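Student: Once you've had a glance at the structure underneath, I'll fire off some questions.
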Amino acid sequence: MSGVIIHDERFKRLVFGHAKLEKLWTGGRWVEGPAYFPAGRYLIWSDIPNNRLMRFDETDGSVSVFREPSNNTNGNTTDRAGRLISCEHLARRVTRTEFDGSIHVLADSFEGKRLNSPNDVIEKSDGTIWFTDPTYGIDSDYEGAKAPSEIGGSWVYRLDPASGALEAVIKDRVQPNGLAFSPDETVLYVVDTGATHRPGLPVTIHAYPMVEGRAGEPRLFATCPEGFYDGFRVDSEGHIWTSAGTAVHCHASDGTLLGEIQIGEIVGNLCFGGPKRNRLYICGQTSLYALFVNARGAV
Ligand code: MG
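Note that this note's numbering has the sequence shown beginning at 349, numbered continuously upward.
Structure representation (structure tokens):
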């Protein structure tokens, strides 16, 4: 397939030579946060500066506006019950859309101070919600509203929706961004895009071992060779599929770069979808792309 670069023989098994990268939609400004809903076979994603959530219907290929205004929503995910969890830049909060369509605020402050602008979110199998809180939504009016940080740090949080308890679990990153657990949840991967605020800092993925539910000492997992990592996902075999500049990079769980898929626009995030979780949905700058791969997203 054109645009696929093999860096390691192991990548040949993960892509199809005859599968084509499909451009499903274009017309966004900065698209992010894809989340797939298997019960309805649709994908929700964010068009952050345009202040809307979009919806792609996999059954007929149609695209429509799901929510506008969206409070400049960035990252989204689907929880185990099939509900939408969203990171809203403008309202500086994490929300859950309930089955009746109402919006429930899960977190908007920490120790009495407003969050910066939640960026990306995942759910752990125990029902806790983990999200990153860099400053991109308060750095300018383009993706939110310019404001100072009340907290004074960009951290990773763990939220227990049952009790409402919010805990800052990782404080050693400059601008934590995308995050994901390994399939067995023994490792938490976190992207750091701190180079936007500290020039010269490498853009990295760090791997935090999970020790008794806590994030332990991190190790450097990967450094982005060009451009930025942002959002990423892990497949059922533990491969990391990540945005990386204008491409999607696939890493083995040992960190080896196995291969890449060139998209041609800056990739913000991606997720697995389709009934078999083997269709990679890719948010690339202004457009939504998809590619069938020989891998399944981790459950
Ligand atoms: Mg992000």
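Every residue, glycine too, gets a C-beta built ideally from N, C-alpha and C. Given the structure is predicted, the values throughout are model-derived calculations rather than measurements.
Between E436 and the ligand MG, is the CB less than 7 Å from at least one heavy atom?
Tutor: no
Student: Cβ of G526 versus every heavy atom of the ligand MG: is any distance shorter than 7 Å?
Tutor: yes
Student: For Y390, which option in N642, R625 and G632 has the closest C-alpha, if you only look at C-alpha atoms?
Tutor: Minimum Cα-Cα distance from Y390 among the listed residues N642, R625 and G632 corresponds to R625.
Student: Residues in the same chain with beta-carbon distance under 8 Å from V615, minus the five sequence neighbours each way, listed in chain order, please.
Tutor: D578, S591, A592, G593, T594, A595, V596, I630, C631, G632 and Q633
Student: What residues in its chain sit with their C-beta under 6 Å from that of P417, if we drop five residues either side in the sequence?
Tutor: N399
Student: Taking Cβ positions, are V442 and V413 nearer each other than 8 Å?
Tutor: no
Student: Please report the straight-line C-alpha distance between L454 and P509, rounded to a whole angstrom.
Tutor: So the two alpha carbons sit approximately 7 Å from each other.
Student: What number of angstroms, rounded off, separates the C-alpha of R362 from the C-alpha of R562?
Tutor: The question names Arg, yet the displayed sequence has Leu at residue 362. Cα to Cα, L362 sits roughly 32 Å from R562.
Student: With A429 as the anchor, note down where its beta strand (DSSP E) starts and where it stops.
Tutor: Run containing A429: none; DSSP gives neither H nor E here.
Student: In this structure, what does DSSP give as the bridge partners for V539?
Tutor: I553
Student: Which of helix, strand or coil does DSSP assign to R546?
Tutor: Three-state result, R546: coil.
Student: Enumerate in chain order the residues of its own chain whose CB-to-CB distance from E446 is below 7 Å, with the five nearest sequence positions on each side excluded.
Tutor: R431 and H452
Student: Taking only heavy atoms of the ligand MG into account, decide whether any of them is closer than 7 Å to the Cβ of N399.
Tutor: no
Student: Can Y505 and V517 be called in contact, C-beta distance under 8 Å?
Tutor: yes
Student: Could you tell me whether any non-hydrogen atom of the ligand MG is closer than 7 Å to the CB of G621?
Tutor: no
Student: Using only alpha-carbon positions, find the residue among G501, R644, E515 and I611 that is nearest to S635.
Tutor: I611
Student: Within 10 angstroms of its Cβ, does E406 collect 16 or more other Cβ (buried), or is it exposed?
Tutor: By the neighbour-count criterion, in which a residue is buried when 16 or more other Cβ atoms sit within 10 angstroms of its Cβ, E406 is buried.
Student: On the CB-based measure, 16 or more other CB atoms within 10 Å of its CB, does T421 come out buried or exposed?
Tutor: It is buried - the Cβ of T421 has at least 16 other Cβ atoms within 10 Å.
Student: Does H554 pass the burial test, meaning 16 or more other C-beta atoms within 10 Å, or should it be called exposed?
Tutor: H554 is classed as buried because its beta carbon has at least 16 other beta carbons within 10 Å across all chains shown.
Student: CB S488 to CB K494, shorter than 8 Å?
Tutor: yes
Student: Rounding to the nearest angstrom, what Cα-Cα distance links R377 and F364 in this structure?
Tutor: Distance between the alpha carbons of R377 and F364: 30 Å.
Student: Are the CB atoms of T426 and Y484 nearer to each other than 8 Å?
Tutor: no
Student: Are there 16 or more other CB atoms within 10 angstroms of the CB of D532, so buried, or fewer, so exposed?
Tutor: exposed
Student: Are there 16 or more other CB atoms within 10 angstroms of the CB of I353, so buried, or fewer, so exposed?
Tutor: The residue in question, I353, is exposed, as its Cβ has fewer than 16 Cβ neighbours within 10 Å.
Student: Can you list, in chain order, the stretches of the beta strand (DSSP E) that have 3 or more residues and sit fully within the stretch 422-502?
Tutor: 432-436, 441-445, 451-455, 469-471 and 477-480
Student: For E380, which option in D583, G526 and E459 has the closest C-alpha, if you only look at C-alpha atoms?
Tutor: G526
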